[in-house]
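Below is one structure, written out as structure tokens, with a few remarks after it.
Numbering (this note's numbering), first residue to last: 73 to 203.
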């Protein structure tokens, strides 16, 4: 049973979803270590890009911006498509596959919190209420 939040009050599911977003990002970062054949500079640039995207999505979701949900959904869908397309084709370390799989489970939990009530109600209100 879920209690309804008063208008303008951020549901606690949003904070839980953000925690799952960050867990997924961290797992995704560590699973990419084995893909780092280039250099440490490439890894650092990739980490900074992941950090920038995650911070941007976090701020959007925290403020109740629907674009945050949609961009996150699209990015995870593209990542999952790449993961499945390379399944059995690319020889990847088992730890990398396991980390990515757990990352997708965290994403699924995050989507559940963001796209079901009461979390979804946070994105249906007038944006000025969420500042």
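Beta carbons: idealized from backbone N, C-alpha and C, even for Gly.
For clarity, every value in this text was computed on a predicted model and none was experimentally measured.
For residue 186, the CB contacts under 6 Å within the same chain, skipping 5 residues up- and downstream, are 89, 141 in chain order. In this structure, the alpha-carbon of residue 184 lies about 33 Å from that of residue 114. Listed in chain order, the non-local C-beta contacts of residue 100 below 8 Å within the same chain comprise 122, 151, 171, 172, 175, local neighbours out to five positions each way being set aside. Residue 91 and residue 85 have their C-alpha atoms spaced approximately 10 Å apart.
Runs of beta strand (DSSP E) with 3 or more residues, each lying fully within the region 141-174, are absent. Boundaries of the alpha helix (DSSP H) harbouring residue 94: 84-103, taken from the DSSP string. By a beta-carbon distance limit of 8 Å, residue 103 contacts residue 168. Their separation comes to about 5 Å.
A straight-line Cα-Cα distance of about 10 Å links residue 126 and residue 132.
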